[in-house]
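Shown next, in structure tokens, is the structure this report addresses.
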Amino acid sequence: MSVSVGTLVSHRKKPADAARAVRSEPALVRWTVVAIAILFLFVFLVLPLATVFQQAFSRGLGAYLAALAQPDALAAIQLTLMVAAISVALNLVFGLIAAWAIAKFDFPGKSVLITLIDLPFSVSPVISGLVFILLFGAQGFFGRWMQDHDIQIIFALPGIVLATVLVTFPFVARELIPLMQEQGTQEEEAAISLGASGLQTFFRVTLPNVKWALLYGVLLCNARAMGEFGAVSVVSGHVRGETNTMPLHVEILYNEYQFAAAFAVASLLALLALVTLVLKAVLERRLDAE
Amino acid sequence: MKYGMPTLRPSVIPGFGITLGLTLTWLALIVLIPLSGLFIKTAELSFDQFWAIVSSRRTLNALKISFGLSLAAAVINLVFGALVVWALVRYEFPFKRLFDALIDIPFALPTAVAGISLTTLFAENGLLGAALAPLGIKVAFTPLGILVALVFIGLPFVVRTVQPVLLDLEAELEEAAATLGASRLQTITRVILPSILPALLTGFALAFARAVGEYGSVIFIAGNLPNVSEIAPLLIIIRLEEFKYADATAIAMVMLIASFAILFAVNRLQRWSEQRSRDA
Numbered sequence: 021m022s023v024s025v026g027t028l029v030s031h032r033k034k035p036a037d038a039a040r041a042v043r044s045e046p047a048l049v050r051w052t053v054v055a056i057a058i059l060f061l062f063v064f065l066v067l068p069l070a071t072v073f074q075q076a077f078s079r080g081l082g083a084y085l086a087a088l089a090q091p092d093a094l095a096a097i098q099l100t101l102m103v104a105a106i107s108v109a110l111n112l113v114f115g116l117i118a119a120w121a122i123a124k125f126d127f128p129g130k131s132v133l134i135t136l137i138d139l140p141f142s143v144s145p146v147i148s149g150l151v152f153i154l155l156f157g158a159q160g161f162f163g164r165w166m167q168d169h170d171i172q173i174i175f176a177l178p179g180i181v182l183a184t185v186l187v188t189f190p191f192v193a194r195e196l197i198p199l200m201q202e203q204g205t206q207e208e209e210a211a212i213s214l215g216a217s218g219l220q221t222f223f224r225v226t227l228p229n230v231k232w233a234l235l236y237g238v239l240l241c242n243a244r245a246m247g248e249f250g251a252v253s254v255v256s257g258h259v260r261g262e263t264n265t266m267p268l269h270v271e272i273l274y275n276e277y278q279f280a281a282a283f284a285v286a287s288l289l290a291l292l293a294l295v296t297l298v299l300k301a302v303l304e305r306r307l308d309a310e
Numbered sequence: 006m007k008y009g010m011p012t013l014r015p016s017v018i019p020g021f022g023i024t025l026g027l028t029l030t031w032l033a034l035i036v037l038i039p040l041s042g043l044f045i046k047t048a049e050l051s052f053d054q055f056w057a058i059v060s061s062r063r064t065l066n067a068l069k070i071s072f073g074l075s076l077a078a079a080v081i082n083l084v085f086g087a088l089v090v091w092a093l094v095r096y097e098f099p100f101k102r103l104f105d106a107l108i109d110i111p112f113a114l115p116t117a118v119a120g121i122s123l124t125t126l127f128a129e130n131g132l133l134g135a136a137l138a139p140l141g142i143k144v145a146f147t148p149l150g151i152l153v154a155l156v157f158i159g160l161p162f163v164v165r166t167v168q169p170v171l172l173d174l175e176a177e178l179e180e181a182a183a184t185l186g187a188s189r190l191q192t193i194t195r196v197i198l199p200s201i202l203p204a205l206l207t208g209f210a211l212a213f214a215r216a217v218g219e220y221g222s223v224i225f226i227a228g229n230l231p232n233v234s235e236i237a238p239l240l241i242i243i244r245l246e247e248f249k250y251a252d253a254t255a256i257a258m259v260m261l262i263a264s265f266a267i268l269f270a271v272n273r274l275q276r277w278s279e280q281r282s283r284d285a
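For the protein sequence lines, the chains are Y and X, in the order given. Residues in the first sequence are numbered from 21 upward in steps of one, following my numbering. Residues in the second sequence are numbered from 6 upward in steps of one, following my numbering.
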């Protein structure tokens with residue numbers, strides 16, 4: 021009896037096993053590939069991340085907290101939060117408006133417009149800063165006019181915000197556009213024909229449909245806005261306690277050989293990255309579920 | 006994406022004019038006008054002036070270092086990215102989901118943080134630097150350090166572009182190949198590889214494009230010796246700080262044109278990739 025059950029089971033299992041064997045490699049190959057992959061990821065991802073926290077606490081918790089409580093560090097944190105809040109808000113509104121125009125209507129040149137929105141991703145951050153120096157710097161196109169009217173953009177908050185907005189420009193729009201294109205216009209058309217106004221339709225129909233994708237875009241946009249270094253470095257002027265964002269403050273501390281303090285501020289940014297990744301995983305599950 | 010007739014179908018949905026108008030205005034103000042400033046500034050130079058800047062020894066070397074090492078880093082990412090994505094999709098191993106989530110670290114970790122961390126790790130007294138020193142390999146403050154930073158920054162691109170394609174690959178194709186007598190190696194090189202090739206190349210091109218413009222993670226570990234370990238984005242900043250705007254602009258122009266060329270190539274690859282998955 022037990023033998024026949026055994027054969028029955030093995031008979032049943034055979035085709036599946038065979039199929040799996042056909043789609044797999046010898047054990048030695050599998051182990052080698054996994055070992056190389058793990059080693060590569062360990063050296064290039066795990067160790068750099070762990071090093072940030074290990075260095076940050078290398079002088080103990082007291083030194084860590086003291087480094088974060090420095091007035092310059094606090095000013096940098098404050099500036100970073102402000103720049104990120106403004107940039108993310110601007111790109112959020114733009115992303116929604118652009119996605120509405122692109123996804124809900126047909127017009128010629130749409131694919132060119134999408135490419136142009138994606139353009140900032142392929143521009144070096146340094147160039148994204150440089151272009152604003154060329155426009156608003158002392159020798160720039162509007163430099164003289166700005167001086168006459170006592171308006172300062174470069175080496176001040178507006179320049180930092182402009183550079184950050186340029187660098188993070190595509191993040192929200194590129195999450196919304198494909199999703200809203202896929203969702204089509206039927207629900208909006210139904211709402212309109214039932215008498216809803218355009219804004220009611222947007223807030224009651226469209227926005228709930230894209231809320232997770234919107235949050236996803238905002239999350240990535242915020243991470244980049246807070247961490248941006250190259251573009252901001254060009255336009256900030258590095259005035260301590262005034263125009264230094266957190267990444268720039270990290271650079272200054274590091275170049276002054278205050279390694280533990282540099283890594284302490286860096287650890288906040290690394291923490292932000294980890295929180296971003298966790299939230300991203302949560303949102304991806306929500307998006308997949310929909 | 007559809008490339009049908011661009012008809013202006015009348016729609017009951019309101020707001021077309023105002024949303025498209027705002028989109029174009031904001032795009033022009035933030036992206037197009039600033040970038041065209043670069044073209045205008047370059048046009049103020051005569052061709053001889055432009056050429057003198059671009060072909061000077063230091064500029065040429067910086068461009069060579071940026072493009073050469075970016076290409077090398079993209080090749081490394083292509084090979085190891087393919088291995089990593091294969092392991093993630095096809096095999097089971099401990100902490101697989103954690104490793105999968107960590108792939109995006111280079112996207113999320115600010116570049117300056119990555120820069121000082123990699124420098125600390127690979128410096129001669131660092132964990133990895135100390136291990137490599139007896140072998141006579143110096144990483145930090147050499148071109149090899151630039152390569153390490155660029156591999157880090159480009160790591161997610163190949164994995165994340167190939168992963169969905171490999172996941173969607175139908176098992177039947179491989180089983181059919183095996184049934185028809187193909188060896189496993191033949192199945193991989195003749196059936197699987199051609200299906201994921203467009204995605205692999207797209208990931209490669211994206212990693213390359215990102216590396217060419219990278220600044221933050223590189224400057225800490227590079228050593229920044231002119232003609233040896235000075236990348237083009239850093240030279241742009243150095244020229245700006247010397248108030249040599251023309252020099253900075255000319256170098257930026259060369260890099261911008263190169264990134265547009267890469268962007269164009271990526272678009273082509275993606276269209277090829279879409280076509281291939283439609284045909285399959």
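Glycine included, every Cβ here is placed at the ideal spot set by N, Cα and C.
Minimum Cβ-Cβ distance from residue i to chain Y less than 8 Å
i        : result
X/Pro19  : yes
X/Pro39  : yes
X/Phe55  : no
X/Ala138 : no
X/Ile121 : yes
X/Val144 : no
X/Phe104 : yes
X/Leu205 : no
X/Thr125 : yes
X/Ser16  : yes
For residue i, three-class secondary structure by DSSP
i        : result
Y/Arg260 : coil
X/Val17  : coil
Y/Tyr236 : helix
X/Pro139 : helix
Y/Ala281 : helix
Y/Lys124 : helix
X/Lys69  : helix
Y/Asn242 : helix
X/Asn82  : helix
X/Val90  : helix
Y/Gly26  : Residue placement at Y/Gly26 cannot be trusted, given a pLDDT of 37 that sits under 50; the coordinates are not used to answer.
X/Ile108 : coil
Y/Ile171 : coil
X/Lys101 : helix
Y/Pro46  : coil
Cutoff 8 Å: residue i Cβ touching any chain X Cβ
i        : result
Y/Tyr274 : yes
Y/Thr296 : yes
Y/Trp165 : no
Y/Ser107 : no
Y/Gly218 : yes
Y/Gln159 : yes
Y/Gln75  : yes
Y/Thr17  : Since the first residue of chain Y shown is 21 and the last is 310, residue 17 of chain Y is not available in this structure.
Y/Ser142 : yes
Y/Val54  : yes
Y/Pro35  : Because the pLDDT of Y/Pro35 is 49, which lies under 50, any placement of that residue in the model is unreliable, and the number read from its coordinates should be weighed accordingly. Y/Pro35 does not count as touching chain X.
Y/Trp232 : no
C-beta atoms of residue i and residue j nearer than 8 Å
i        : j        : result
Y/Thr7   : X/Ala113 : No answer is possible for residue 7 of chain Y: the residues shown for chain Y start at 21 and end at 310.
X/Pro161 : X/Pro111 : yes
X/Val167 : X/Ala255 : no
X/Phe213 : X/Ser75  : yes
Y/Glu208 : Y/Val225 : yes
X/Met258 : X/Leu43  : yes
Y/Ile174 : Y/Ile122 : no
Y/Val146 : X/Pro238 : yes
X/Phe98  : Y/Phe125 : no
Y/Val66  : X/Leu245 : no
Y/Ala70  : Y/Val285 : no
Contact test: residue i Cβ vs the ligand FMN heavy atom, cutoff 7 Å
i        : result
X/Ala181 : By its list of ligands, the structure shown contains no ligand whatsoever, and the ligand FMN lies outside what it can speak to.
Can you check the region 173-230 of chain Y for any alpha helix (DSSP H) of at least 4 residues that lies completely inside it and give the ranges in chain order?
You should have 177-187, 190-203, 206-213, 218-221.
For the region 16-45 of chain X, list the alpha helix (DSSP H) runs that are entirely contained and at least 4 residues long, ordered along the chain.
Counting whole runs of 4 or more residues, the region 16-45 of chain X contains the alpha helix (DSSP H) stretches 21-32.
Check whether the region 273-280 of chain Y touches the region 142-155 of chain Y, counting contact only when three or more Cβ pairs, one atom from each stretch, lie closer than 8 Å.
Counting Cβ pairs under 8 Å, fewer than three are found: no touch.
contact_flag[the region 193-203 of chain X, the region 55-74 of chain Y] where n(CB pairs < 8 Å) is 3 or more
With the cut-off at 8 Å, the region 193-203 of chain X and the region 55-74 of chain Y do not touch.
Would you check if the region 137-152 of chain X and the region 225-237 of chain X touch, i.e. whether three or more CB-CB distances between them fall below 8 Å?
Put simply, the region 225-237 of chain X touches the region 137-152 of chain X. At least three CB pairs are less than 8 Å apart.
For the 8 Å Cβ check, are there 3 or more pairs between the region 89-109 of chain Y and the region 180-189 of chain Y?
Taking a cut-off of 8 Å for Cβ pairs, the region 89-109 of chain Y and the region 180-189 of chain Y touch, as three or more such pairs fall below it.
Would the region 186-194 of chain X count as touching the region 48-68 of chain X if we require 3 or more Cβ pairs under 8 Å?
Judged by Cβ distances under 8 Å, the region 186-194 of chain X makes no contact with the region 48-68 of chain X, as fewer than three pairs qualify.
If you scan the region 136-223 of chain X from start to end, which runs of the alpha helix (DSSP H) of 4 or more residues do you find wholly inside it?
List check, alpha helix (DSSP H) in window: 148-173, 176-184, 189-192, 198-218.
The region 204-218 of chain X / the region 126-133 of chain X touching (three or more Cβ pairs under 8 Å):
Flag = no, the region 204-218 of chain X and the region 126-133 of chain X do not touch.
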